Amino acid sequence: MKYFGDNSASTNFLFDKGKVVFLSNEGFCTEIDSITSTLSLRDPGILSSPGGVLKLGFFSPLNSSNRYVGIWYNFSETIVIWVANRDKPLRDSSGVVKISGDGNVVVMNGEEEILWSSNVSTSQVNSIALLQDSGNFVLVDHLNNGSTIWQSFEHPSDSIVPKMSISENTRTGERVEVKSWRSPWDPNFGNFSLGMNSGFIPQVYIWKGSQPYWRSGQWNGQIFIGVQDMYSVSSDGFNVVNNREGTVYLTGPGDFDFLTKFVLDWKGNLVQSYWDVNETTWKIIWSAPNNDCEVYGMCGPFGSCNHLESPICSCLKGFEPKHREEWEKGNWASGCLRRKGLQCEVRNNSGDSSKEDGFLKIGSIKLPDFAERSSTREDQCRSQCLGNCSCIAYAYDSGIGCMSWNNNLIDIQQFQSRGEDLYIRMAHSELGVKRKKINLLGDRSAVHMEELPVFSLDTLANATSQFHEDKKLGQGGFGPVYMVQLSSLSTTFQISVAEIADSFKVNPSPFIFDKHLDEGHRGILDWRKCSTIIEGVGRGLLYLHRDSRLKIIHRDLKPSNILLDNDFNPKISDFGMARIFGSDQDQADTRRVVGTYGYMAPEYAMKGRFSEKSDIFSFGVLVLEIISGRKSTSSWNETSSFSLIGYAWMLWKEQDLSTFIDPFILNPSSEMEIKKCIQIGLLCVQEFAEDRPSISSVLAMLTSETTSIPTPSQPAFTERHDCIFKMCNETNCTLNNISITNITGLCSEVDNITSTQSLRDPGILSSPGGVFKLGFFSPQNSTNRYVGIWYNFSVTTVIWVANRGKPLRDYSGVVKISRGGNIVITNGEEEILWSSNGSTSQVNSNGLLQDSGNFVLVDHRDNMTTIWQRFEHPSDSTIPRMRISENTRTGEMVEARSWRSPSDPNIVDFSLRMNAGVFSQVYIWKGRRLYWHTGLWNGQIFIGVQNMYSVVSDGFEVVNDREGVVYFTGPVRDNLFRKLVLDWIGNFVQSIWDVNETNWKIIWEEWEKGNWTSGCIRRSALQCQVKNNTAYSSKEDGFIKMELMKLPDFAETSSTTEDLYRIQCLRNCSCIGSFKSSGNDLYIHVAHSELDNGNDIKKIVITAIVGSLTLCVCLFLYYTMVIRRRVNMEELPVFSIDTIANATFQFNEDNKLGQGGFGPVYKGKLQDGKEIAVKRLSKASKQGLEEFKIEDDS
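The numbering of the sequence shown is full-length UniProt numbering, which starts it at 1 and goes up by one.
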């Protein structure tokens, strides 16, 4: 885009990961190629490189009127790669870049004040400043063959471009390093820096202040071994060079056909992107840190981090948490300690005194920091470390040599592939310690292994045409299912597919029923077969609900979970989501809703409540699908607004059920029976669970000619909305965390709203990257229409609503720009129901939806100045980059307000606000009454939130912008989508989008507490308050310490030391408590009588009684467990962990057969030659033991 000869204001937006820069470049009328003692550069002129690739000139960041001198690519003018006067901006457009009297290049303002200088010692007055095509801004001596006096490449800002390097001089300690911006709008020096540490082995670090924040791992001559996605110098283009003058420097890619750059953004992320010539934009190809495990030292000394596990931190084998209580809370910074001392450190050790220490191998990891290198050969590396008691671990890399560690092992990360092997020194007793015995939960039938048919991998590969896609029946949480036809296969064999070494257990069911709903398979079924399937599934549910030893609720009954044998007899499969009920249990509640959209009962989808009636609902949907030959999410025609259930209900009321029946199964002789089944299906999908029949009643109605069938009432989910259902069809939606919202008719799409382009229901407005959508929706159980914003990948969760208090009553709604330049919502009668109400006289304003989720009104003629933004007017949700704030000067607040109910987004009593008093806190108010508070902000955490740890790990921060505004911001992580919701009952809930499971997962919530509002009163008055007090009148009051407390509200601060403040509080009768700002211990001022109330004897007696009772209970429970274990031991084969580990070669990756939702499956061979499969329950699955048993039995 060219600006020469154009004095008009020009604007551009570009969004890059973690960095948004807006440049206002006005009137680029003058262009020069050098700056000399006689030729200066004045705002708004520019300095061009010889090939015109780069420009140097003046710019203003977004939301700022300050002017800076910077460098940018000519083809990407909105991303600045270098800034001169970072900490001293120009306040107007009077800036000049020129050569000073001492030969330096300087930036000056209109008052001739020097704001920035190259600041080199030179006596040359003939120096010239040039911008090279590499992006290097250099000061050269014009008379001395153009020798370089100073260059910007040795003074980078936040970016690294080809031919630049970062370095460290090992002799002087001088570094060339990158410093982040303070914010996207302020190029001043931020908290983060990127540099080389040449130490024993070169590494690249990101520092936050003076503390390491991220580490690349050691350089082995080809790659940094701690960067999992790095391959080689030739492919990645990086290289570390020692120039033999004491300087070690890292160079980036520079010889590729495409242009790359690295940016250290203001949040501490190192982002690599390349210029896409075809799409004319920068595209991100790598970034770090990508997850919490990549943050330096996340798990402390001797801790290992795996971001796929939950919790992510664990101690290395042979180590245990240093502070177990803190560790269990998720505060892993203190790390772990060795469980058993090393033999070389212990004298007169009993038992193992003569046994030598050994090494435990940990594979595929990022090696810890502070490695020392030696030239020892690989075969001698172990013995060298073993001979030195200070050596606690060693590793060997062919490019580095022998590495050893003498101090704490810090910053260990478990990789899923690649990585290095680390050998940790252990006491002999730790290497040979016997673990508790385990049983093979995954194979209760192991005793009868000889009864199972076993097939070789080659046999199954041939039977499935090498696992060809045409043989694929479906996909479950544990992997694909293939059709196998073997003559030796028993038709009565009824277990699910499981892989065992080179052999498999084979499922004899050749068809999955879901296939029969596809257009090409519908003719296979006639009514007799359909009736068999319906009745068979019903009998399966009867067995689960009534006849089995355990009452089981399936929770995910759908066609793809019904398997058919050759005679079309159905089998219910996939019990991965099933729950076991007690014999006297009727229902249960969960906060983690799992299942498939279209088959979940309304009480389960909306409230997490499930029972037998939940499965009945799914069964009813299944019956209607079988009879209609359509899937529950399919459309009947282009204009229909009914779901499958709604369409059946409409035809039932119109007494036209024949239209609903699949022509392939309809015949006159069975029409009445089919209509009866439709009626039964409608009974099963009634809205209220208590109205639905039990499965035994359903079977009675299906099989009896005389049983009367009730008339069904209004079913749930009768309305279908085309675009959301289309989306679910394409992605096979499975929902977990569900808001009660129904998005309708997302059919037409625009990218902005202008004075000539409005948005009409059911159209949508999309953000540039398609992350967010704005459009019309109706909450569940409501016909009112609202305008809201939602994530494109989570269309059922609305994060902002415009016309909360004034809904549209029909589909006549329009979002448009009014004559006054505001954005408004009007109904069919042109009545304004909502307005942005921004002060503007501009008629050229535009409404835009940004990829941050911010809906903004901008003045198109005035450099796109923001007139109004929805981030300053939140609804019930806050998302990254939003703020909850209070202006201490004006009292103005930005607050979140809850919905009135799940079906009504109107404003209700609950609000979330910032309180910027003596100590900053976040409050939830219920009307005018304080309902909940976070506790005081101590600069790192809200000390009243138990599970909060630090700004680095949690991402929350409280900031005072020095203009009187104190604001609270939530986490902004590039690889995560988060939201904080104040729900309609006053709960503050933080959720994270799980990309793998495609649902919102709750990671923190503050639940409603009991109502104890009357509080308590002091039992004994303070001595300082009582005159002539008896017994203890001469005894001084004291303090009771209460540990690990959420500190009370209304604290006052003091600069007095802790000891002096306690004395000060003791002497002040109005002081009733004190605490340290660094901790959560509260000291309460109480009377002396409360410190020693004479009840010691009572306490002893009570303690003795309680202790005796506790001992009896423990003995009883122990006896019960022993009896149960004996019973189980007789039923199950039991193997020690050592036996299993040896059989699977220490759970080697080469023995891994696959990975399912519950964890990995390994192949193994026992000493007697018998082949086994070991299913290992993963912490990351978040499944319990019962679910694991059910999944394996299925």
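All C-beta atoms in this analysis are idealised placements derived from N, C-alpha and C, irrespective of residue type, glycine included. Remember, predicted model here, so these are calculated numbers, not experimental data.
With burial defined as no fewer than 16 other Cβ atoms inside 10 Å of the residue's Cβ, what is the status of M600: buried or exposed? Buried, because 16 or more other Cβ atoms sit within 10 Å of the Cβ of M600.
Terminal residues of the continuous alpha helix (DSSP H) containing W327? Counting along the chain, the alpha helix (DSSP H) containing W327 begins and ends at 324-328.
Locate the alpha helix (DSSP H) running through E603, then write down its first and last residues. Where E603 is concerned, the enclosing alpha helix (DSSP H) stretches over 602-607.
Length of the line joining the Cα atoms of S314 and M403: Taking C-alpha positions only, S314 is separated from M403 by approximately 24 Å.
Between P779, N126, Y1083, K88, which lies nearest to E113 when the distance is taken from Cα to Cα? Answer by Cα proximity: K88.
Look at the alpha carbon of S383 and the alpha carbon of T1139, and state the distance between them as a whole number of angstroms. Approximately 29 Å, taken between the alpha carbons.
G70 versus F871 - alpha carbon distance: Cα to Cα, G70 sits roughly 30 Å from F871.
Report all residues from its chain with a CB closer than 7 Å to the CB of G52; omit the five preceding and five following residues, and keep chain order. N74, listed in sequence order.
Quick one: give me the first and last residue of the beta strand (DSSP E) that K806 is part of. That residue, K806, is in no beta strand (DSSP E); it is neither H nor E in DSSP.
Please report how far the alpha carbon of D141 lies from the alpha carbon of E154, in whole angstroms. A straight line joining the alpha-carbon of D141 with that of E154 spans about 17 Å.
Does R324 pass the burial test, meaning 16 or more other C-beta atoms within 10 Å, or should it be called exposed? Answer is exposed; the Cβ neighbour count stays below 16.
Nearest neighbour of residue 1195, chosen from S465, G252, P874 [CA to CA]: Only positions 1 to 1194 of the chain appear in the structure, and residue 1195 is not among them; the question remains open.
Pull up the distance between the alpha-carbon of D547 and that of L930, whole angstroms please. Distance between the alpha carbons of D547 and L930 is about 52 Å.
DSSP three-state label for I799, please. The answer is strand: DSSP assigns I799 an E or B state.
From the DSSP output, read off the bridge partner residues of L849. Per DSSP, F855.
Quick one: using the 10 Å Cβ neighbour count with 16 as the cut-off for buried, is Y786 buried or exposed? By the neighbour-count definition (other C-beta atoms within 10 Å, threshold 16), Y786 is a buried residue.
One question on the structure: do I365 and E309 come within less than 8 Å of each other, judged by their Cβ atoms? At least 8 Å separates the beta-carbon of I365 from that of E309.
Closest to W185 by CA distance: which of M701, L666, A1087, R86 is it? Residue nearest to W185 within the set M701, L666, A1087, R86 is R86 (criterion: CA-CA distance).
Using CA coordinates, which residue listed in R182, L194, S60, G363 is at the minimum distance from S167? The shortest C-alpha separation from S167 is found at L194.
Is the shortest distance between the beta-carbon of K98 and the beta-carbons of chain B less than 8 Å? Absent from the structure: chain B. Only one protein chain is present.
What does DSSP give as the partner residues of H873 in its beta bridges? Partner(s): none; H873 has no beta bridge.
Kindly list the residues whose CB is nearer than 8 Å to the CB of C530, restricted to its own chain and excluding five residues on each side of it in sequence; keep chain order. Correct list, in chain order: I626, I627, I665.
P715 by DSSP, collapsed to three states: which one? In the three-state scheme derived from DSSP, where H, G and I count as helix and E and B as strand, P715 is classed as strand.
By the 10 Å Cβ neighbour count, where 16 or more other Cβ atoms means buried, how is K283 classified, buried or exposed? Of the other Cβ atoms in all chains shown, fewer than 16 fall within 10 Å of the Cβ of K283; this residue is therefore exposed.
Ordered along the chain, which non-local residues of its own chain (more than five positions away) have a Cβ less than 6 Å from that of Q494? With a pLDDT of 30 at Q494, under the threshold of 50, the modelled position of that residue is not reliable, and the figure given next carries that caveat. Answer for Q494: no residue qualifies.
Quick check: what's the CA-CA separation for L54 versus R171? If you take the alpha carbons of L54 and R171, they lie about 35 Å apart.
Do you know offhand how far S24's Cα is from S65's? Because S24 sits at a pLDDT of 42, beneath the cut-off of 50, its placement in the model cannot be relied upon, and the point is left open.
Does the region 883-898 come within contact of the region 978-990, defined as at least 3 CB pairs closer than 8 Å? At 8 Å Cβ cutoff, the stretches touch.
Kindly indicate which three-state DSSP category T38 falls into: helix, strand or coil? When secondary structure is reduced to three states using DSSP, T38 falls in the coil class, being assigned neither helix nor strand.
Quick one: residues in its chain with C-beta nearer than 8 Å to the C-beta of R1176, no 5 flanking neighbours on either side, listed in chain order? For R1176, where only same-chain residues beyond five positions count, the Cβ hits under 8 Å are F1147, G1159, P1160, V1161, Y1162.
Where the alpha helix (DSSP H) containing W649 begins and where it ends: 644-653 is the extent of the alpha helix (DSSP H) around W649.
Which one of T888, D859, F910, S903 has the shortest CA to CA distance from S920? When the alpha-carbon of S920 is set against those of T888, D859, F910, S903, the nearest one is in T888.
Name the residue from G303, F793, F968, G199 whose alpha carbon lies nearest to the alpha carbon of R881. When only C-alpha atoms are compared, the closest one is F968.
Beta-bridge partners of E957, as assigned by DSSP: Looking at the DSSP assignment, E957 forms a beta bridge with T969.
Taking just the CA atoms, how far does L1082 sit from S1014? Its pLDDT being 43, under 50, S1014 is placed unreliably by the model, and nothing is read from it.
With respect to the alpha helix (DSSP H) encompassing T532, which residues constitute its N-terminal and C-terminal limits? In this chain, the alpha helix (DSSP H) harbouring T532 covers 527-542.
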